[in-house]
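Here the structure comes first, spelled out in structure tokens, and everything after it is commentary.
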Amino acid sequence: MASKSANRLLHLPLRPPNPFTFSHTAHHTSPLSRRVAPSSRHTFSTSSPRHASARPSSVARTASKTGANKPLGSPALMQKEALRKAIASGSAFDAIGLAPETFVTLPSSQRPSWITQFSDRWLWEKTRLMSRGRMALVILYYKFWALRTRSPREVEKLGTSARMRYRIYEWWDFEILKTRKVVKGLYEEMYTRLADGEVGRLEGKVKRDLMASLKGRVMARGQHDRMQWRLERYTKSPRCVGYSVLAPDASAASKPAWMPTLLQQAVVEVESMQSVKREKRVADGKGGWTIKDVSEGPKGQDGWPLPKKVKEYVVLHKHVRDGKSSRWMIWGMTNPTTLFDVKKQLREKLGQTEV
Numbered sequence: 001m002a003s004k005s006a007n008r009l010l011h012l013p014l015r016p017p018n019p020f021t022f023s024h025t026a027h028h029t030s031p032l033s034r035r036v037a038p039s040s041r042h043t044f045s046t047s048s049p050r051h052a053s054a055r056p057s058s059v060a061r062t063a064s065k066t067g068a069n070k071p072l073g074s075p076a077l078m079q080k081e082a083l084r085k086a087i088a089s090g091s092a093f094d095a096i097g098l099a100p101e102t103f104v105t106l107p108s109s110q111r112p113s114w115i116t117q118f119s120d121r122w123l124w125e126k127t128r129l130m131s132r133g134r135m136a137l138v139i140l141y142y143k144f145w146a147l148r149t150r151s152p153r154e155v156e157k158l159g160t161s162a163r164m165r166y167r168i169y170e171w172w173d174f175e176i177l178k179t180r181k182v183v184k185g186l187y188e189e190m191y192t193r194l195a196d197g198e199v200g201r202l203e204g205k206v207k208r209d210l211m212a213s214l215k216g217r218v219m220a221r222g223q224h225d226r227m228q229w230r231l232e233r234y235t236k237s238p239r240c241v242g243y244s245v246l247a248p249d250a251s252a253a254s255k256p257a258w259m260p261t262l263l264q265q266a267v268v269e270v271e272s273m274q275s276v277k278r279e280k281r282v283a284d285g286k287g288g289w290t291i292k293d294v295s296e297g298p299k300g301q302d303g304w305p306l307p308k309k310v311k312e313y314v315v316l317h318k319h320v321r322d323g324k325s326s327r328w329m330i331w332g333m334t335n336p337t338t339l340f341d342v343k344k345q346l347r348e349k350l351g352q353t354e355v
């Protein structure tokens, strides 16, 4: 049982629910997230009630030999095991949202104060450091131990110098540093296609659920409505504020180490100045049509609305199946990890209910 200080520390204020969801995707219950309740068991016996407690029935003896009477695990463990099997087969990559226990760093200005909220700030910082440390160990394990870029037969065919270069330089590339460059191209293309109404050209570059959401936004426009989107500039360089790797246990997997199945997710903070221009086609009274600017707010000298500052946390996704890597795609949007989220996760681990 948690101490009084822990209960005080974990006290949850009245806040909205955990924001670990994507704003562009429809929320649906994934089969992997359903809890499986253990079924009720009935004792079967082929003997009379008088001797039922004296000797085990043949059915009971058979069940004990086959392991049928093995107790079921908790729903949380069963859910975790189902997720592990789905990740191992790669089937979970199309349904999973934000990777579990992904920590998205808050801006410094939004963190609890070291002076007035020391215990809360220390709890948040400790959780962040522990999350980063665990992920660093996971990356090192998969990069330098569990995964291989070539099969042993290919390595045997290499010459001495080529084999030496393979041993020293050829490690699995998790591309963490490349996400800052990748997100710019995908981010700008996504909003440009959305404004032009050409969402279909984003196939393979955004998640299916996100694609459906973007198509719905285009369909919701009026027949005579038009939109233009322009990114004026980035106020600061995009930075990776969260990263996760999901992979089955390579040492116990049936697949060889040079044919891995894994998932990379990176959360990149994108802050920019953007402008949206809205236009409408109206009749000119002479049997023709004219384009009318219906944008709201003040406009600049070029006729465009004044740009606004926009900050978004873009989730990038890339999977590898049987050693074949896909390309990066936008999985959705998320929010940073707040103190509320940290306390909620701790309460779940301690088995406490919300207050």
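For the sequence shown, full-length UniProt numbering gives the first residue as 1, with consecutive numbering after it. From the three backbone atoms N, C-alpha and C, an ideal C-beta is built for every residue, glycine too. Nothing here was measured: the structure is a model prediction, and the numbers come from that model.
When secondary structure is reduced to three states using DSSP, residue 219 falls in the helix class. A check of alpha carbon separations from residue 269 across 243, 276 and 260 identifies 243 as the nearest. For residue 264, the secondary structure class from DSSP, reduced to helix, strand or coil, is strand. In its chain, beyond the 5 residues on either side, 147, 247, 250, 320 and 323 have a beta carbon closer than 7 Å to the beta carbon of residue 260. Rounded to whole angstroms, the separation of the alpha carbons of residue 131 and residue 103 is 7 Å. Counting along the chain, residue 167 sits inside no beta strand (DSSP E); it lies in the alpha helix (DSSP H) bounded by residues 160-169. In this structure, residue 184 sits away from residue 317, with a CB-CB distance that is not shorter than 9 Å. Residue 188 is positioned such that its CB atom lies no closer than 9 Å to that of residue 202. Taken through DSSP and simplified to helix, strand or coil, residue 201 comes out as helix. Separation of residue 164 and residue 176 (C-alpha to C-alpha, rounded to the nearest whole angstrom) is 25 Å.
When DSSP assignments are scanned along the segment 303-340, the uninterrupted stretches of beta strand (DSSP E) that are 3 or more residues long and fall wholly within it turn out to be 308-321 and 329-334.
Looking from the CA of residue 305, the closest CA among 281, 295 and 312 belongs to 295.
Residue 106: not part of any alpha helix (DSSP H); DSSP gives it neither H nor E. In the structure shown, residue 278 adopts extended strand secondary structure according to DSSP, grouped into three states.
As DSSP reads the structure, residue 239 sits in a beta bridge with 269. Between residue 235 and residue 211, the beta carbon gap of about 28 Å keeps them out of contact (Cβ cut-off 8 Å).
Contact between residue 331 and residue 182 does not hold, since their C-beta atoms are separated by about 12 Å, which reaches or exceeds 8 Å. Burial check for residue 309: the Cβ neighbour count within 10 Å stays below 16, so the residue is exposed. In this structure residue 112 is in contact with residue 124, their Cβ atoms being roughly 6 Å apart against a cut-off of 8 Å. Under the three-state reduction of DSSP output, residue 229 falls in the strand class. By alpha-carbon distance to residue 97, the top candidate from 204, 351, 122 and 315 is 315.
Counting along the chain, the unbroken alpha helix (DSSP H) around residue 157 starts and ends at 152-157.
For residue 290, there is no enclosing alpha helix (DSSP H); the residue is found in the beta strand (DSSP E) stretching over 289-293.
Judged by DSSP secondary structure, residue 119 falls within the alpha helix (DSSP H) whose first and last residues are 118-141.
Just measuring C-alpha positions, the residue of 200, 133, 223 and 258 sitting nearest residue 149 is 258. In the structure shown, residue 147 adopts coil according to DSSP, grouped into three states.
Look at residue 299 here: in three-state DSSP terms it is strand. Residue 109 sits exposed, since fewer than 16 C-beta atoms from the chains shown fall within 10 Å of its C-beta.
Within a 10 Å sphere around the beta-carbon of residue 341 sit 16 or more other beta-carbons, which makes this residue buried.
Judged by pairs of C-beta atoms under 8 Å, the segment 224-233 touches the segment 275-288, as three or more such pairs exist. Residue 246 sits in a strand when the DSSP states are folded into three classes. It is roughly 30 Å from the alpha-carbon of residue 335 to the alpha-carbon of residue 299. Within a 10 Å sphere around the beta-carbon of residue 127 sit 16 or more other beta-carbons, which makes this residue buried.
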